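Just so we're aligned: 1238 in our numbering is position 145 of the sequence shown, and the numbers increase by one with no gaps anywhere.
For each residue, glycine too, the CB sits at the ideal point set by N, CA and C.
All values reported here derive from a predicted model rather than from experimental measurement.
Only one structure is covered here, and it is reproduced in the block below.
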Amino acid sequence: MRWVFYSLVVVNLVYLGWQLAMTAWAPAPPVTTERAAGPVVQGPPLRLLSESPQPPRRPERPPSAPAGNPGLCPVVGPWAGEGDAERARIQLAAAGLEGRIRPVTVQKDHLNWVYLPAYPSRDRALEVLSELQARGVDSFIVKTGEDANAISLGYFSSADSAEGLRVRMRGAGYPAFVRETSRPVTEYWLYLPPQAAGAAALEDFLIGNPGVGQDRSACKGPQ
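Right, here's the structure in full:
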């Protein structure tokens, strides 16, 4: 029985050696390195610029008129006398359209003057005038002004007619010239406020006064 005992001892030693050998040769478990996890910040998802909502645009305002621009005001007239303009002003004021009368000087009666330049003395001008009248030329001596002692041969609305007479007088030996002339005339206009444009009262006034016209002019200060 003694050999059985020794056999068990040998088997146990062999098994123990095998277990130790397997433990020595077994692969070591992988070492995992864990990083310290900081707080995770959840940000908004990325979007393309074209996908992101755009802020609402403000409506564009029309360009404002430059400061100091007075605009245009209706003007009615003209009248030859200030009294007529004053009566029109009172009539329109009664209809709620207050206006101001302003005199305006204009050049009218544009004509072509044919003349002989002023002579050194009145006696010489009288001699030439006698010659012209003997030829049947309608003429007279200018008595005053810068053209005193000149001889007027006539006024023509047509430039061609004036030039024809000048050529004939030159051909006859007289140094005739042509000058465009006009005379200053004062007219009276009634300047109305901007809100009068298109007003029924103004339209009625113009219908009742066919000789009066309407124009527009820059407003000059408060009406």
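Contact under 8 Å by Cβ, residue i with residue j
i, j, result
"residue 1168", "residue 1258", "no"
"residue 1190", "residue 1285", "yes"
"residue 1244", "residue 1218", "yes"
"residue 1312", "residue 1192", "no"
"residue 1294", "residue 1186", "no"
"residue 1178", "residue 1194", "yes"
"residue 1203", "residue 1254", "no"
Residue i in three-state terms, based on DSSP
i, result
"residue 1169", "strand"
"residue 1308", "strand"
"residue 1245", "strand"
"residue 1273", "strand"
"residue 1235", "coil"
"residue 1240", "coil"
"residue 1221", "helix"
"residue 1230", "coil"
"residue 1211", "coil"
"residue 1160", "For residue 1160, the pLDDT reaches just 42, beneath the cut-off of 50, and the residue's location in the model is therefore unreliable, although a value from the coordinates is still provided. The answer is coil: DSSP assigns residue 1160 none of H, G, I, E or B."
"residue 1216", "helix"
"residue 1180", "helix"
Proximity winner among the options, relative to residue i (alpha-carbon distances)
i, options, result
"residue 1235", "1274, 1211, 1178, 1295", "1211"
"residue 1175", "1279, 1232, 1311, 1185", "1279"
"residue 1266", "1201, 1170, 1221", "1221"
"residue 1357", "1205, 1178, 1307", "For residue 1357 there is no data in the structure shown, the boundaries of the chain being 1094 and 1316."
"residue 1207", "1239, 1250, 1213, 1200", "1250"
"residue 1197", "1217, 1216, 1171, 1181", "1171"
"residue 1297", "1184, 1244, 1180, 1166", "1184"
"residue 1260", "1304, 1177, 1209", "1209"
"residue 1262", "1304, 1237, 1231, 1290", "1231"
"residue 1277", "1180, 1201, 1288", "1201"
"residue 1269", "1248, 1288, 1199, 1310", "1248"
"residue 1237", "1309, 1306, 1214, 1166", "1214"
"residue 1224", "1239, 1252, 1246", "1246"
"residue 1182", "1303, 1281, 1166, 1240", "1281"
"residue 1216", "1199, 1242, 1166", "1242"
"residue 1290", "1233, 1307, 1302", "1307"
Those residues which DSSP pairs with residue i across a bridge
i, result
"residue 1193", "1284"
"residue 1260", "In the DSSP output, where bridge partners are listed per residue, residue 1260 has none listed."
"residue 1185", "Looking at the DSSP assignment, residue 1185 forms no beta bridge with any residue, so it has no partner."
"residue 1204", "1274"
Residue i CB to nearest heavy atom of the ligand FMN below 7 Å
i, result
"residue 1253", "Questions concerning the ligand FMN fall outside what the structure shown contains, since it holds no ligand whatsoever."
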